[in-house]
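Numbering (the working numbering), first residue to last: 564 to 757.
A virtual CB, placed ideally from N, CA and C, is assigned to each residue, including glycine.
I have placed the structure first, in the form of structure tokens, so that the comments after it can refer back to it.
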């Protein structure tokens, strides 16, 4: 059986990216075939290269150019796209080319704290400011509207009144490390029958 080739799209440090690569490293059915970043200095690219996963940088104009991105996806035989801390909006042509085959992780319990400008520390600061007693991570399908796709899975963690935004970020990140690869695997299983 042909392996499912996934591309991981990143913008930053790449802890989720590296976690996904390690999780699928021994898989008989899933191959982390490519890591794409919109930032040439994203540390995620270093992490991927260290373990032998090909990388590519797609600047904003390149990301939004079908004549650049589709040949890149085809060159690596990409079947599925996983966003792991990828900040730009995914262009419509990619969403149409990979229907229900692009998923994202969001560091809050959507629909709360989603949408434009709600990423990374901005989310955790908003959760803290609102006095929430819990937060968590959401995995969802990517649609043309930011953070509005169908929710696939959510995992929660309890917050205390003394938690700082950094504490909240760390608690939520632990959920990502524990659950994101498993959710990706479940979605791939349902999508491709592996």
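The beta carbon of residue 673 sits closer than 7 Å to the beta carbons of 701, 703, 710, 714 from its chain, once the five residues preceding and following it are set aside; these are given in chain order.
Of the candidates 598, 565, 594, the residue whose Cα lies closest to the Cα of residue 576 is 598. Residue 626 and residue 569 have their C-alpha atoms spaced approximately 17 Å apart. The three-state reading of DSSP puts residue 609 in helix, counting H, G and I together. For residue 732, same chain residues with a beta-carbon under 6 Å away, outside a window of 5 residues either side, are 687 in chain order. DSSP, read as helix, strand or coil, puts residue 571 in strand. Pairwise C-beta distances place the segment 638-647 out of contact with the segment 681-698, as fewer than three of them are shorter than 8 Å.
For residue 586, the enclosing alpha helix (DSSP H) stretches over residues 578-587. Nearest to residue 691 by C-alpha distance, out of 667, 675, 705, 580, is 675. Relative to residue 726, the option among 698, 629, 582, 741 whose CA is nearest is 698. For residue 646, the uninterrupted beta strand (DSSP E) segment begins and ends at 643-646. Rounded to whole angstroms, the gap between the alpha carbons of residue 639 and residue 589 is 19 Å. A distance below 8 Å separates the beta carbons of residue 722 and residue 696. Here residue 754 has 643, 663, 664 as same chain residues with Cβ atoms under 8 Å from its own Cβ, once five neighbours each way along the sequence are excluded. A Cβ-Cβ contact shorter than 8 Å links residue 579 with residue 743. Per the coordinates, the alpha-carbon of residue 607 lies some 17 Å from the alpha-carbon of residue 682.
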